[in-house]
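Everything below concerns the one structure shown next.
In our numbering, the protein residues as written are 653 to 1247.
And the structure:
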């Protein structure tokens, strides 16, 4: 079915000189309220009038039976100056039995095509075409043989009309015949071809094929009788196959292709299944595509996602997880177009287009962004969306965050703020201290979330929270901190040093280089002076500040000297000869802390 439909779509692409087309007119005669028999009969008559060559050939004619009625119709009437309009019709039929039928009709036969292009294995029209997909006609015979085998394996029983496949190219008609060997092995017989252009038959009857004999034989009554007989037989054959109208004039044109299949099982005859080989013939429930993007995302109702290349289904396409993809760029496919080949250049272009499409979707298509987030969270394959996406910047951080959080909210019941981590995260205590709900993701996904700006490492998030916390004015001991830092870091204004309403263990202090400020966490109550305020926190806080400061290093000697001065200590104590250097340090600290 895919091959037959692609024949029509490919000709449209070449006629219009475009790479995409999907503007079908769709008529579902099965939907509720279901059309009456009279309405379907009327539509059948209008089809025959609009497409006189539709119900032709041995199986097409049998669809004229009153029991055969249209169920679903795809049609197109396209202006293609300076040619005549391109006309196409694909019809699914009921037949009065459990088997369904399908017709495929179009005009504008390819200039390089002939009956052999569709009937002989390996034959094809133009090998290279910038508009159409694949090698048009090449797989017709394989598709036809497959369908013939499918029909031959149908359940036993008598069907009316008779099951089978036939197709017409201009006035040439082929019907797939089957024969059985002595070993009852079913094989495909060559296509039986009828050339129903009978003018040459008449001439041969008169002159035996020799033009010089024409004048002499014209007067021969026997030859006139033979010619009349041939004319009658040809007219009878043409009428039987529906090629001529009631007045004896031909209803078919030389540039038409018409294929008729009778014998499609009912469980395979649903239009969504039958026409699924070409993307968008039956529009998916949800589809998204950003402007100028080569990637089209959609949700497939089946169990597995589907990969399409330029609207054609590729059964063994590139890796997919949940979302289905229709890629409108170029790929290298196997000769039968069922598998994507390993083409480094083209596959790299696909990954680049996919990366750009995903990032753009997070920025501009919130519904698709949620689907993408769900896909990324449940698939860590290097060729999947998670392996392809590399956010180029953090401009869409909020959009990324909203999409991932919506997915988590659907799966996790909590009132806390979500924060992703890997299974190797070491700062687990921070999550509870910061009232965060940890969500385990893969390292690949965590990298995406960090690069997009949606989330940051939990340690950085804690530092951000400290900087965003409110200041505590006139906190006891803060004046000593400011005075000490005025000696050590005179470039930092005193008002840029503050204690914040932040009570977690990490971080104790943050240096904001951009704004030239220090933010200190509120110190924990002193274990030695639990009932009163004290200055015991000042020394450790200054020590943390010197470790946090990213500018020129502050030596401990300078720190202690400045600290001792501000705390009123004596910095001129001389070291006794009996004291070791370690004892001197201890003495200095004791003198400081006793002030």
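We put the CB at the ideal spot given by N, CA and C, even for glycine.
Here the structure is a predicted model, which is why all the values come from computation and not from measurement.
Judged by their CB atoms, residue 1187 and residue 1198 are not nearer to each other than the 7 Å cut-off. In summary, residue 720 is buried, with 16 or more beta-carbon neighbours lying within 10 Å of its beta-carbon over all protein chains present. Using a Cβ distance threshold of 7 Å, residue 949 and residue 972 do not count as a contacting pair. For residue 953, no alpha helix (DSSP H) encloses it, and the DSSP letter there is neither H nor E. Annotation: residue 690 is outside any beta strand (DSSP E); the continuous alpha helix (DSSP H) that includes it extends over 689-702. Counting the other CB atoms within 10 Å of its CB gives residue 963 a total of 16 or more, which places it among the buried residues.
According to DSSP, residue pairing for residue 1049 in a beta bridge does not occur.
Note on the stretch 1082-1122: whole beta strand (DSSP E) runs with a minimum of 3 residues are 1088-1092, in chain order.
Looking at the DSSP output, residue 1072 sits in a beta bridge with 1091. Cβ contact annotation for residue 1181 (same chain, cutoff 7 Å, sequence separation greater than five): 1188, in chain order. The C-beta of residue 1183 has fewer than 16 other C-beta atoms within 10 Å across all chains shown, which makes the residue exposed.
Counting every other CB atom within 10 Å of its CB across the protein chains shown gives residue 1209 a total below 16, marking it as exposed. Secondary-structure assignment with DSSP links residue 899 through no beta bridge to anything. Contact check for residue 1026 and residue 1059: beta-carbon distance about 5 Å, within the 8 Å limit, so the pair qualifies.
For residue 757, the enclosing beta strand (DSSP E) begins and ends at 752-758. Shown here, residue 910 sits in a strand according to DSSP, grouped into three states.
DSSP lists 960 as the bridge partner or partners of residue 965. Residue 661 is classed as buried because its beta carbon has at least 16 other beta carbons within 10 Å across all chains shown.
Excluding the 5 residues flanking it on each side, residue 1114 has same chain C-beta neighbours closer than 7 Å at 1082, 1086, 1156, 1158 and 1159, in chain order. Check the Cα spacing between residue 1005 and each of 986, 1033, 981 and 706: the tightest is with 981. Between the alpha carbons of residue 920 and residue 755 lies a gap of roughly 15 Å. Residue pairing by DSSP puts residue 677 in a beta bridge opposite 727. Classified as buried, residue 1219 has 16 or more neighbouring CB atoms from the shown chains inside 10 Å of its CB. A straight-line Cα-Cα distance of about 51 Å links residue 744 and residue 1046. Counting C-beta pairs with one atom in each stretch, the stretch 691-708 and the stretch 737-752 have three or more that are closer than 8 Å, which means they touch. Shortest Cα-Cα distance from residue 917 to any of 799, 726 and 984 involves 799.
Note that the C-beta distance between residue 753 and residue 911 is not below 7 Å. Taking a cut-off of 8 Å on C-beta distances, the stretch 1136-1156 touches the stretch 1104-1122, as three or more cross pairs fall below it. Rounded to the nearest angstrom, the gap between the Cα atoms of residue 827 and residue 1001 is 44 Å. When C-beta atoms of the stretch 1066-1077 are compared with those of the stretch 1097-1113, three or more pairs fall below 8 Å, so the two segments count as touching.
Under the three-state reduction of DSSP, residue 1189 is assigned to coil, being neither helix nor strand. Between the alpha carbons of residue 734 and residue 1041 lies a distance of about 46 Å.
For residue 1060, the secondary structure class from DSSP, reduced to helix, strand or coil, is helix.
Each residue's CA atom was taken as its position, placing residue 1012 and residue 995 some 25 Å apart. Contact check for residue 815 and residue 940: beta-carbon distance about 41 Å, past the 8 Å limit, so the pair fails to qualify. Our two residues, residue 1167 and residue 1161, have alpha carbons roughly 15 Å apart in a direct line.
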